[in-house]
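For the record, the sequence lines run as chains L and C. Counting from 30, one number per residue, gives the positions in the first sequence under the working numbering. Counting from 30, one number per residue, gives the positions in the second sequence under the working numbering. Heads up, the thing below is written out as structure tokens.
2 protein chains.
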Amino acid sequence: MSPGHRSRADPPIRPPLTRERIAATALSLIDEVGVDGCSMRLLGSRLGVEAMALYHHFPGKGDLLEAVMDELAAEWDLPARGTQPPLGRLRHLVRSYRATALRHPRAFVLLAARRFQTERSLALSERILEALADLGLDAAESARWFRLIGGFASGFGMADAASLERIDAPTPLGMERGSAIAPYPHLRAVAPHLRVDKLDAVFEFGLEVLFDALAARLIGRP
Amino acid sequence: MSPGHRSRADPPIRPPLTRERIAATALSLIDEVGVDGCSMRLLGSRLGVEAMALYHHFPGKGDLLEAVMDELAAEWDLPARGTQPPLGRLRHLVRSYRATALRHPRAFVLLAARRFQTERSLALSERILEALADLGLDAAESARWFRLIGGFASGFGMADAASLERIDAPTPLGMERGSAIAPYPHLRAVAPHLRVDKLDAVFEFGLEVLFDALAARLIGRP
DNA sequence: ACCTGAACACCGTTCAAGT
DNA sequence: ACCTGAACACCGTTCAAGT
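Encoded structure:
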């Protein structure tokens, strides 16, 4: 027998349990069953381990979910300062953030609803503020635009996630079905333009409005 | 003894259990302990009743939370069509929606994260679309502005709610404490302008940017 | 150091029974 | 019709025990 031989009594081989592997598995489990459906016990079984083993890598479920948020943040693309002018970088950062809602509609609520202080999330904020500073905004103006852009990206992402949820969800469709909105003529007229296939165009329109307004306020500055 | 006499064996008097009273109590319980802390058992005990009694008024917890959302919606003020010009009505509607985040920071996440199809929520959407139509926008343009304004209001409200949460929460403060943001110079510089006492000013700035942009695109229309 | 098994104090929900 | 009590199938988490 070769030196690598495993007898019948050996436990089955599996990749070692690490924070990274746990968080990545948790994210794909949330993609399947949602945040509420992602229990420590179910996650453990996905990893071939008892639920309690997870507590050797995370103090509690809150910390695990924070690691999942960092997993989302790892997908962001943060362009370096020299590669593009500030407005282009801003556009790129906002698109990158919103793309998370399209890829992980069920996990996106974590970003919007929970405090969020990982290295990568702070890095995104720093890049946005850096771009605003490069445009010549002072700290008070940057704070205003930061919250405006952030509110837009977060609110838009939530709406995207909700729209994508509905596609294969068994829940009542609401707007897409005529029934609930029947007494509301304006809702009826606008509903076709809020469909899932229009999400990108509507998002790009909002981005354009915001950045046009920002650019307009920069005219005549040193 | 008077006809209204109650013998020692009578159960204690309490207001009758109705959907309305259950939903209102659930909202104030969520204000105290958050959505996750609002269990059917705890809510029942607040109402002087076993948890299972609630299932005679709501098919499940999801329906109860929808009634809580309608309770939030009942606080909105929807101005009638004749009282103000369309832009003034829009401003009023967005302020009214965002005010919910200030009054009920722990409940606000329900509005942002859950599908939401009560009469009152549809009425708010209809009023917003009515104002946009009164400005002369067609259905496709209305859909774009509806999502832009909605994303702004929703995203901003979530940020407000998160800021208010932090005040008496035992969770780490992050930005307000210097430690986590120490390596990020722009975050450090901007943090003082993101404090809770600046929320209103920052919100009004965003509102002004959005409505200026909207008004600018209406110039020269019939 | 890493994982298991049993246990504790909770959940939402079902169901038969009470009044 | 409205509410209770017991029960079921789950939770997150603690802790002593295994290797």
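Cβ atoms here follow ideal geometry from the backbone N, Cα and C, with glycine treated the same way.
The Cβ atoms of R132 of chain C and D99 of chain C do not sit closer than 8 Å to each other. For V138 of chain C, a Cβ of chain L is located within less than 8 Å of the residue's own Cβ. The DSSP-derived three-state label of E159 of chain L is helix.
For A182 of chain C, the CB contacts under 7 Å within the same chain, skipping 5 residues up- and downstream, are V123, Y126, R127 in chain order. In chain order, Y126, R127, T129, A130, F137, L140, A141 place their CB closer than 8 Å to the CB of G186 of chain C, counting only its own chain and leaving out the 5 sequence neighbours on each side.
Taking a C-beta cut-off of 7 Å against chain C, the contacting residues of the segment 150-163 of chain L are L151, S154, E155, L158, E159, A162, listed in chain order. If you draw a straight line from the Cα of A103 of chain L to the Cα of P108 of chain C, it comes to about 45 Å. If you compare the alpha carbons of C:R75, C:R43, C:L46 with that of L58 of chain C, the shortest gap goes to C:R75. Taking CB atoms only, V238 of chain C has a neighbour in chain L less than 8 Å away. Rounded to whole angstroms, the gap between the alpha carbons of R224 of chain C and V78 of chain L is 44 Å. The Cβ neighbour count for H215 of chain L, taken over all protein chains shown within 10 Å, is at least 16; the residue is labelled buried. Closer than 8 Å to the CB of Y126 of chain L there is not a single CB belonging to chain C. Taking 8 Å as the cut-off, the beta carbon of W105 of chain C is found no closer than this to the beta carbon of L46 of chain C. Two segments are said to touch when three or more pairs of C-beta atoms, one from each, lie closer than 8 Å; by this definition the segment 166-183 of chain C touches the segment 229-241 of chain L.
Using a Cβ-Cβ distance cut-off of 8 Å, the segment 159-166 of chain L and the segment 110-124 of chain C are not in contact, since fewer than three pairs of beta carbons, one from each stretch, lie closer than that value.
Apart from sequence neighbours up to five positions away, the residues of its chain that approach E194 of chain L with a beta-carbon distance below 6 Å are P134, ordered along the chain.
Cβ contact annotation for L164 of chain C (same chain, cutoff 8 Å, sequence separation greater than five): P115, L116, L243, L247, in chain order.
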